[in-house]
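Take a look at the structure below.
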Amino acid sequence: MDGKPVTSCLVLAVEADGTSITTIEGESVDGKLSPLQEAFKNNHATQCGFCTPGMIMSAKALLQRNPNPTEEEIKDAIEGNFCRCTGYRQIIDAIEEAAKIIQSEVRNA
Ligand code: FES
């Protein structure tokens, strides 16, 4: 909401009124996966999909404010999103890979 991750089930509709909302559906553009989504796919960081939208939106907000996060900063950013399928190693690896890809894209732009 307005570029910051929120726990959507705890946000009242009146609080969201007039804000900009981006969901996981807004992460891909023209059907093309974003670098974060590609990294999650490449690292087998998704399975059931319940936690994945929260993980990716939390990671997106992290990488926007900190393009080169440490593993601890990644863990802090995804805290509160619980995955019971993959474990967290693949998710952390995916976010680290996405950070490298995004930094490379910025350098080559
Ligand atoms: Fe299953 Fe996250 S992929 S809970």
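Residue numbers for the sequence shown follow our numbering, beginning at 62 and rising by one.
Positions of the beta carbon are idealized from the N, C-alpha and C atoms, including for glycine.
Which stretch, first to last residue, makes up the alpha helix (DSSP H) that contains residue i?
| i | result |
| --- | --- |
| Arg145 | Neither: Arg145 is in no alpha helix (DSSP H) and is coded neither H nor E. |
| Ile85 | Run containing Ile85: none; DSSP gives neither H nor E here. |
| Pro34 | Only positions 62 to 170 of the chain appear in the structure, and residue 34 is not among them; the question remains open. |
| Gln164 | 150-169 |
| Asp137 | 132-139 |
| Ala106 | From DSSP, Ala106 is part of no alpha helix (DSSP H); its letter is neither H nor E. |
| Val75 | 74-77 |
Thinking C-beta only, is residue j closer than 8 Å to residue i?
| i | j | result |
| --- | --- | --- |
| Ala159 | Pro96 | yes |
| Ala120 | Ile139 | yes |
| Gln108 | Cys146 | yes |
| Gly64 | Gln125 | yes |
| Gln164 | Pro128 | yes |
With a 10 Å radius around its C-beta and 16 neighbouring C-beta atoms as the bar for buried, classify residue i as buried or exposed.
| i | result |
| --- | --- |
| Phe101 | buried |
| Ala170 | exposed |
| Ile185 | A question about residue 185 goes unanswered here, because the residues of the chain that appear run from 62 up to 170. |
| Ala74 | exposed |
| Ile82 | exposed |
Could you tell me which residues DSSP puts in a beta bridge with residue i?
| i | result |
| --- | --- |
| Lys121 | Note: Lys121 sits in no beta bridge, so no partner. |
| Lys93 | Val90 |
Counting only C-beta atoms, is residue i closer than 8 Å to chain B at any point?
| i | result |
| --- | --- |
| Gly110 | Judged by its chain identifiers, the structure shown contains no chain B, having just a single protein chain. |
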